[in-house]
Amino acid sequence: MRDPENAAVLSEAVYRLQISQPERALTLAASVLERAPTDSNAAHLVAVALLELERPEEAASIAADLLSAVPDDPVLRGLWAEIQQALGDFVEAERTYLDLLRQSPGDVSLICNYAGLMWETLRLEKAERLYAEALRHDPEHEDASLGHLFCRLSSGSVAVDDPELRKRVDQQPDAAASVVAVAVALVEAKRFAEAMPLLQLLLRGDPSNSALVGAIVECRLALHPLMWPYRPMVRWGWLASGVIYVVMMGFAVAARPLSERLPAWGAWVLTGVLGAYAVWVLGSWAVPPALRRLIRKRGV
Amino acid sequence: MSDNDNKPPVVFTAFPGGKLGPDAGAQVLKLHAKSAVRMQDVVGMAELKRTIRLRIVEPFQNPGLFARFRKKVGGGVMLYGPPGCGKTMIAKAVANECGATFVGVTLSDILDPFVGVSESNITEVFARARAHKPAVLFFDELDALAYARSKAGSSNARTRVNALLHELDGVDTQNDSVLVLAATNMPWDVDDAAKRPGRFDRLLFVPPPDVEARTQMMRNRLEGVPHAGVNVEAIAEATKFFSGADLDGLIETAKEFALDEIVSSGTERPLCQSDFQTALKDMEPSTMEWLRTAKNLVKYGGASRAYRDVADYLDREGL
Chain F
1 MRDPENAAVL SEAVYRLQIS QPERALTLAA SVLERAPTDS NAAHLVAVAL LELERPEEAA
61 SIAADLLSAV PDDPVLRGLW AEIQQALGDF VEAERTYLDL LRQSPGDVSL ICNYAGLMWE
121 TLRLEKAERL YAEALRHDPE HEDASLGHLF CRLSSGSVAV DDPELRKRVD QQPDAAASVV
181 AVAVALVEAK RFAEAMPLLQ LLLRGDPSNS ALVGAIVECR LALHPLMWPY RPMVRWGWLA
241 SGVIYVVMMG FAVAARPLSE RLPAWGAWVL TGVLGAYAVW VLGSWAVPPA LRRLIRKRGV
Chain E
1001 MSDNDNKPPV VFTAFPGGKL GPDAGAQVLK LHAKSAVRMQ DVVGMAELKR TIRLRIVEPF
1061 QNPGLFARFR KKVGGGVMLY GPPGCGKTMI AKAVANECGA TFVGVTLSDI LDPFVGVSES
1121 NITEVFARAR AHKPAVLFFD ELDALAYARS KAGSSNARTR VNALLHELDG VDTQNDSVLV
1181 LAATNMPWDV DDAAKRPGRF DRLLFVPPPD VEARTQMMRN RLEGVPHAGV NVEAIAEATK
1241 FFSGADLDGL IETAKEFALD EIVSSGTERP LCQSDFQTAL KDMEPSTMEW LRTAKNLVKY
1301 GGASRAYRDV ADYLDREGL
């Protein structure tokens, strides 16, 4: 029978995992494991916490030990699949998920994890089908809902301006899933002004998220007044750059014979236009990185 | 001078020695006033102490004045800041200055694997505080107890937050003269509803100790330890952003260097400046990660005015 003190500590460790505090969970579960080295629940929690802390190699070693004692335990095998996925062994992860799904075809978390693997390996259509299947079992499942939304946004079966989707974001700003999906889609569509408040909302809930900070910095950069001359490049990328280059080269070729026929002020105008283009080109190399550095340093 | 000044403060943990039970009251742990932390024991941080005195302690010490202005005594205050910077110590000092009963609550006091027990533990904690008015109810690690429901992975965590919010509102009961203090390293993880007016609506930033505090802390910690030629002021200047815990670590490392040399040379010597300089080479303030996260919040996240203290601090310190 388990020591009640250890049980209380493990109960807190489970709670810490639920509230995204894997470091504390690891400390607690490891302390129990030190006192009771044969406690498989403690070892399991240590492995889960290590996986959350992005230390899959250590998690794999503990999970392998546990599986050698109970090779058919579905929870442990699910963890094993997640660890293999984190380690990049997608074949082993998929094999394990498929085995488990044969035994429990209605396990929504398992379906979502398998869909996540499909998403990671860019099999997006299969991922979308799996998320839809998960939602059929549990329409309120948050991970399934988020995954499905991402898949639909990326396949174009739902647009970022979809009224239902925007209504969901407006009415439930706390529902991170839909906010994440819409924010990512807006950034990809280069609609930075609309993406910014959503990204800020997400960052307020998770301020240590460097990916969100990076996205906000890029939004601020794109929206900065000093970047206005480079709007076409921000919006259309290299295509805009190439078109402007071709136009300006054509203009430069035409300018030489033209300038001989124009009065003096006309030649100055032509020179000014070409000079401005040269400044614009130089600025396109210098302004964005300098501005990005300033935004990162000062947050402006 | 209020009546409270002569009353020795009673300090007890919410569930001394275990979970609640019919005899839990008999286990109340009484401490003498002399052993309790007072505000003067919190070194440096003059600005923060002034704010605490004005906004928290005075209403308790001069209830008449505040009653004339129809200002409620009590309410919720959330202390937040990097870990190891004295939030818990400040909370205890506040309770002492207020002459109030201190009820300290940690997550393990509340948490119970059985459904509904955690919620009833929360109710019981508040009932206990109300029974010992004036009281300071102190929740350590509020981020764990009132974790944002939108992010919580389980419905249990959500019901726990609901129970806490219900008690904070004191709808069925009176929370007058009960000051609810909370400390957290991660205020952004605390449910937004808990930060609304009437709940933890006053947020106080507890920064890393300033140079004055660090100097005093070093002096206190070196008391009774053989040392010679240690320039405490210079060390305090060199330890910007160090938390109290970091300073403890620094002193311990310096001691290890000195003892290592003593053992290998066989000649005893006091702790000296070079021990600290060597120790400092390998140390980085543990508060930096927190401060970087806070910077993200206020500079990029468009955080509300509630975090203005942090924004001012970051600007002042050039972060």
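Read top to bottom, the protein sequences are chains F and E. The first sequence begins at 1 in the numbering used here and counts up by one. The second sequence begins at 1001 in the numbering used here and counts up by one. C-beta atoms are modelled at their ideal positions from N, C-alpha and C, and glycine is treated no differently. Fair warning: this is a prediction, and the values are worked out from it, not measured in the lab.
Item: Quick check on G1302(E): does DSSP put it in helix, strand or coil?; Value: coil
Item: So what does DSSP say about R1202(E), is it helix, strand or coil?; Value: strand
Item: Going by the beta-carbon positions, is the gap between R1149(E) and A1193(E) smaller than 9 Å?; Value: yes
Item: Chain E beta carbons: is any one of them nearer than 9 Å to that of R77(F)?; Value: no
Item: Give the DSSP-derived three-state secondary structure of H44(F) in the structure shown.; Value: helix
Item: Say whether chain F places a C-beta atom closer than 9 Å to the C-beta of G1301(E).; Value: yes
Item: Where does the unbroken alpha helix (DSSP H) through W283(F) begin, and where does it stop?; Value: One point to set straight first is that residue 283(F) is Gly, not Trp, in the sequence displayed. First-last of the alpha helix (DSSP H) with G283(F): A264 to R298.
Item: Around the Cβ of G1075(E), are there at least 16 other Cβ atoms within 10 angstroms (buried) or fewer (exposed)?; Value: buried
Item: Determine, for D89(F), whether the minimum Cβ-Cβ distance to residues of chain E falls below 9 Å.; Value: no
Item: Using the DSSP secondary-structure output, state which residues sit across from A1129(E) in a beta bridge.; Value: For A1129(E), which the question treats as bridged, DSSP gives no partner whatsoever.
Item: Do you know how far the Cα of T1088(E) is from the Cα of A1024(E)?; Value: Confidence is the limiting factor: at A1024(E) the pLDDT is only 35, short of 50, which leaves the residue's position unreliable, though a coordinate-based value still follows. Going from the Cα of A1024(E) to the Cα of T1088(E) covers about 24 Å.
Item: Please list the partners that P1113(E) has in chain F, where partner means a Cβ-to-Cβ separation under 7 Å.; Value: S11
Item: How far does the beta strand (DSSP E) with G1076(E) in it extend, from its first residue to its last?; Value: G1075 to Y1080
Item: Would DSSP call G1104(E) helix, strand or coil?; Value: strand
Item: Run the CB neighbour count on F1060(E), radius 10 Å, all protein chains shown included, and call it buried at 16 or more, exposed below.; Value: buried
Item: Span of the alpha helix (DSSP H) holding V1136(E)?; Value: Taken as a continuous stretch (DSSP letters only), V1136(E) belongs to no alpha helix (DSSP H), being part of the beta strand (DSSP E) at A1135 to F1139.
Item: When you compare each of L226(F), E164(F) and R235(F) to I189(F) by their alpha carbons, which one comes out closest?; Value: Per the sequence shown, the amino acid found at residue 189(F) is Ala instead of Ile. Selected option, being the one with the closest Cα: R235(F).
Item: Is V1178(E) helix, strand or coil by DSSP?; Value: strand
Item: Please state the DSSP three-state secondary structure of L10(F).; Value: helix
Item: Are at least three pairs of beta-carbons, each pair with one atom in the segment 1215 to 1232 of chain E and one in the segment 1105 to 1116 of chain E, less than 8 Å apart?; Value: no
Item: Please go through the same chain and pick out, in chain order, the residues whose beta-carbon is closer than 7 Å to the beta-carbon of P1082(E), but skip the five residues on each side of it.; Value: N1185, P1208, S1243, T1287, W1290 and L1291
Item: Determine contact between the segment 2 to 9 of chain F and the segment 1134 to 1150 of chain E, defined as no fewer than three beta-carbon pairs at a distance below 8 Å.; Value: no
Item: Could you check how far apart the C-beta atoms of D1201(E) and K1195(E) are, in whole angstroms? I think they sit under 8 Å.; Value: 7 Å
Item: Within 10 Å of its beta-carbon, does Q1174(E) have 16 or more other beta-carbons around it, so buried, or fewer, so exposed?; Value: exposed
Item: Is there contact between the segment 40 to 53 of chain F and the segment 16 to 28 of chain F, where contact requires at least three CB pairs shorter than 8 Å?; Value: yes
Item: Using 8 Å as the threshold, is the segment 61 to 69 of chain F in touch with the segment 91 to 100 of chain F, meaning 3 or more CB pairs across them?; Value: no
Item: Nearest CA to the CA of V1230(E): which residue from I1251(E), A1245(E), E1212(E) and A1213(E)?; Value: I1251(E)
Item: Let me check one thing: in DSSP terms, what residues is V1190(E) bridge-paired to?; Value: Y1147(E)
Item: For a contact defined as C-beta to C-beta under 7 Å, what are the partners of A193(F) on chain E?; Value: Chain E residues near A193(F): none, gap ~14 Å exceeds 7 Å.
Item: Counting only beta-carbon separations shorter than 9 Å, does A286(F) have a partner in chain E?; Value: no
Item: Quick one: Cα of K1295(E) to Cα of W268(F), how far?; Value: 49 Å
Item: Indicate whether the contact test is met: 3 or more Cβ pairs, each with one atom in the segment 1046 to 1055 of chain E and one in the segment 1153 to 1165 of chain E, closer than 8 Å.; Value: no
Item: List the residues of chain F that T1293(E) touches, going by C-beta distances under 8 Å, in chain order.; Value: P207 and S208
Item: What residues from the segment 1130 to 1148 of chain E come within 7 Å of chain F, judged by C-beta to C-beta, listed N to C?; Value: A1144, Y1147 and A1148
Item: Can you tell me whether K1071(E) is buried or exposed? The criterion is at least 16 other CB atoms within 10 Å of its CB, across all chains shown.; Value: exposed
Item: With a threshold of 8 Å, establish whether the CB of K1281(E) neighbours any heavy atom of the ligand SAH.; Value: For the structure depicted, the ligand SAH is absent and the ligand set is empty, with no information on it obtainable.
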